[in-house]
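Beneath this line is the structure, given in structure tokens, with notes to follow.
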Amino acid sequence: QYEGLRMYILRLRQKIEEDPHEPRYILTRPGIGYMLATPA
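Here it is in structure tokens:
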């Protein structure tokens, strides 16, 4: 199940991030999970 979630997040990043390898909106928090960042 985790692999499916990881692939889903990757696809979302490819659609919304300028550079999916340096995400600004969907962030990974080790030991916690994913976080949606809000604009400052």
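For the sequence shown, the working numbering assigns the number 945 to the initial residue and increments by one for each residue that follows. Heads up, the beta-carbon is just placed ideally off N, CA and C, and yes, glycines get one too.
Where residue i falls: helix, strand or coil (DSSP)
i       : result
Gly-948 : helix
Ile-976 : coil
Contacts around residue i, its chain only, beta-carbon distance under 6 Å, and the 5 residues preceding and following it disregarded
i       : result
Leu-971 : Met-979 and Ala-981
Sequence-distant residues of its chain with Cβ nearer than 8 Å to residue i (five each side left out)
i       : result
Gln-958 : Pro-964
Glu-962 : Arg-968
Arg-973 : Met-979
Proximity to residue i [Cα-Cα], best of the options
i       : options                      : result
Arg-968 : Ile-960, Gly-975 and Pro-974 : Ile-960
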